[in-house]
Structures are given as structure tokens and as C-alpha cells.
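Counting in the numbering used here, the first sequence runs from 1206 upward without gaps.
Where is the CB? At the ideal position from N, CA and C, for every residue including glycine.
Because the structure is a prediction, the values reported are computed rather than measured.
Notes to accompany the following structure.
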Amino acid sequence: MKEAKHKMHKPHFIHDIRIGIGDMCKITGVTGRQLRYWEERGYIKSLADEKNSARKYSWEMLYKVGSIKAFIDEGYTLAKAVEKSELREKEMAIIRKFMATNMHRVKITDEELLYGQIDLGKCEGKKIYGVVDEAGSHLEFGEE
DNA sequence: GTTCTTACA
DNA sequence: TGTAAGTA
């Protein structure tokens, strides 16, 4: 009961989404020919449908295909696009881990422009804030 | 109608 | 990578 804790998703969660190749093409703009080739090269994976041999894709693959497609549209070759996509996903995983522990609170300063102040905790006694505003984004010390 | 594999341009 | 052919 406890080992499955992280797998206990409700049916409607995105992790249980299964997308057919047709929808994958419409959503990402990648052709079926490309999807089969990418899979053949080991860049992406698909789940074989129980009944026929039709492919089914997970939410993770939908995201990955979209990511690869974006890099290809930027001019990267398929191999480079996959490399960039996988690297970025790992970087994001690390960022999520960090934020899960260090992002104590986000104060929204402008809902329209999406500006805010992220409480990143303390470092050597000083409060640290990640600030996103009209100037872009930067770090600030909190006053104490 | 959709998807699959194979093969050719 | 696009497309055509013949299936399931």
C-alpha cells in the first residue's frame, strides 16, 4: 500500500492519457512517418495497443515529441533536437527538485504581466528572493 | 476511415 | 522524408 504511493493516480490524471498516432500528428505537427522513424531510432517510445498493433502515446511522449519538434523548427537536426530535448528535461527535473524544497512562497506582484517574487529561503542569514518584473528577472536580498 | 509495414523516389 | 500499395 505504501510502495505504490507515488503511483496512486486517479484515472483522469495526465499520466494515464493515451493518445493515438493520428491525434499526436494533429497536436504536434509531426507526421506519422516521422513518428515511426523516430521510434525506430529509439528517440521515442509507444505503447502497443492491446487489440490491434496501433501505437499509443503517453503524456510524456506527447510532451517530448512537441519538444523535439520545436527544436527542429528552430533549425536543429533530428539527432541534435533529441539531444537538446533530453538534456532540457533532465535540467528541468533538477530545477523541480530544487524548487520543491526551496520555493517557500511566490508572491504575485502583477497578475496581468505575470510578475512576482519567489521566496527562496535564507542563505547566511539573509532572505533571498527571485524577482520577476519589468526589468526581467534577478535575485534580491530581503531586508531584515 | 485509420494505422501498419514495406518499398521506392 | 513523402507517398503508394495492400492489409488488418
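Check	Outcome
Please look up how many angstroms separate the CB atoms of R1310 and D1324, rounded, as I've assumed it's under 8 Å.	4 Å
Helix, strand or coil, according to DSSP, for E1345 in the structure here?	strand
Mapping the DSSP letters down to three states, classify Y1242 as helix, strand or coil.	helix
Do G1237 and G1247 have their C-beta atoms closer together than 9 Å?	no
Out of N1307, G1330, K1327, G1321, which one is the CA nearest neighbour of H1343?	G1321
Out of curiosity, what's the CA-to-CA distance linking G1326 and N1307?	6 Å
By DSSP, does K1256 sit in helix, in strand, or in coil?	coil
May I have the straight-line CA-CA distance separating L1318 from E1345, to the nearest angstrom?	20 Å
State the start and end residues of the unbroken alpha helix (DSSP H) segment that holds I1226.	1226-1233
Start and end of the alpha helix (DSSP H) containing Y1268?	1264-1278
If you draw a straight line from the alpha carbon of D1221 to that of L1283, how long is it in whole angstroms?	28 Å
Could you round the C-beta distance between S1272 and R1293 to whole angstroms and report it? I think they count as a contact, below 8 Å.	7 Å
Is V1287 near V1235, with beta carbons less than 9 Å apart?	no
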